[in-house]
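The next block holds one structure in the form of structure tokens; read it before the comments.
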Amino acid sequence: MSIEHLQLIGHASLWDRSQTIRDPRAPEIAELEARLAATLDGLRNDQAGLRSLSAPQIGISLRMCRIFFFGKPEPVTLINPWVVEASLESTDEWEECASIPHLRFELRRFQRTTVEYVDMAGSGRSIVSEGTDAALLQHEIDHFNGFLLTDRLHDSKKIEHRFANRSKGKAQESADHRLPKSTLC
Ligand SMILES: [Zn+2]
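Be aware that the sequence shown starts at 256, since it is given in the numbering used here, and climbs by one per residue.
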């Protein structure tokens, strides 16, 4: 199966609200998972660090995403995920999105979340995450609700080109190198 064409920022459909998947065991849903998997795997060969992809990014307005959680070799396909509980604490995470090439954004996310979803067999599941994994889930659910990283930016200066050649002093450059890597979603 080939890599699908990715929808990039500026394409109006990325700001649409995606539809709930009614029958997770329908053949077309299995086909969608295969398309999403092939595209995510293909893109990961080109963009090391890419950890997730959602159906709206390949032009399908349905609530399915596929995620490589931290430290887990196998990805998980989530259908109709939604946040049922979130911590009062928040965290600032650097994130990238395959639909917004070359840029990274620092966003404020819930530190911990409990997300419920349906798996490919149609069973209800829940996942408790924190930090980067929690941010990753919030990022993907944002795609289903038509929000991109640019819509979540709370400080317009918290945006960088990923290959920025900063005109800063040496001390600042070495401090920047200690920053945690952004999460590429
Ligand atoms: Zn994204």
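We put the beta carbon where it would ideally sit given N, CA and C, even for glycine.
Enumerate in chain order the residues of its own chain whose CB-to-CB distance from residue i is below 6 Å, with the five nearest sequence positions on each side excluded.
i      : result
Glu344 : Gln366
Arg417 : His357, Arg359
Val339 : Thr369, Glu371
Gly304 : Leu439
His266 : none
Thr332 : Glu288, Arg321, Met375
Glu395 : Ser307, Ser309, Cys320
Ser342 : Phe365, Gln366, Arg367
Phe399 : Ser273, Arg318
Glu415 : Arg359
Given residue i, which residues of its chain have a CB within under 7 Å of its CB, disregarding the five upstream and five downstream residues?
i      : result
Ala289 : Met256
Gly379 : Glu371, Val373
Phe325 : Thr387, Asp388
Arg306 : Ile322, Phe323, Leu391, Thr438, Leu439, Cys440
Arg364 : Ser345, Thr346, Glu348, Ala389, Ala390, Gln393
Glu385 : Gln366, Arg367
Gly377 : Pro279, Arg280
Ile315 : Leu287
Lys413 : Phe360, Glu361
Leu291 : Leu308, Ala310, Ile313, Met319, Arg321
Considering residue i, what are the terminal residues of the alpha helix (DSSP H) in which it resides?
i      : result
Glu344 : No alpha helix (DSSP H) contains Glu344, which DSSP labels as neither H nor E.
Ile322 : It is not in any alpha helix (DSSP H) - Ile322 instead sits in the beta strand (DSSP E) that spans 319 to 322.
Which residues in the same chain as residue i place their Cβ atom closer than 8 Å to its Cβ, once the five residues preceding and following it in sequence are excluded?
i      : result
Ile334 : Ile276, Pro279, Ile284, Arg318, Met319, Tyr372, Val373, Asp374, Met375
Ile258 : Ala293, Thr294, Gly297, Leu298
His381 : Correcting the residue type first, residue 381 is Ser in the shown sequence and not His. Counting only Cβ-Cβ distances below 8 Å, and skipping sequence neighbours, we find Val339, Thr369, Val370, Glu371, Tyr372.
Ala353 : Leu261, Leu298, Gln302, Leu305, Leu308, Gln312, Leu439, Cys440
His409 : Leu362, Arg363
Ala430 : Note that Ala430 scores a pLDDT of 45, beneath 50, so its modelled location is shaky and nothing firm can be said.
Taking the continuous beta strand (DSSP E) assigned at residue i, which residues delimit it?
i      : result
Leu263 : Per DSSP, Leu263 belongs to no beta strand (DSSP E) and is neither H nor E.
Report yes if the C-beta of residue i is less than 8 Å from at least one heavy atom of ligand 2; otherwise report no.
i      : result
Gly379 : Annotation note on ligand 2: not contained in the displayed structure, which lists ligand 1 as its ligands.
- Message: Ignoring anything shorter than 3 residues, give me the beta strand (DSSP E) runs that lie fully in the region 361 to 428, in order along the chain.
- Response: Listed in chain order, they are 367 to 373, 379 to 385, 414 to 416.
- Query: Relative to ligand 1, what is the chain-ordered list of residues with a Cβ closer than 5 Å to any of its non-hydrogen atoms?
  - Reply: Cys352, Cys440
- Message: If contact is defined by three or more beta carbon pairs under 8 Å, each pair taking one atom from either stretch, is the region 400 to 410 in contact with the region 342 to 360?
- Response: When C-beta atoms of the region 342 to 360 are compared with those of the region 400 to 410, three or more pairs fall below 8 Å, so the two segments count as touching.
- Please list the segments of the beta strand (DSSP E) lying wholly inside the region 263 to 322, counting only runs of 3 or more residues, in order along the chain. 307 to 309, 319 to 322
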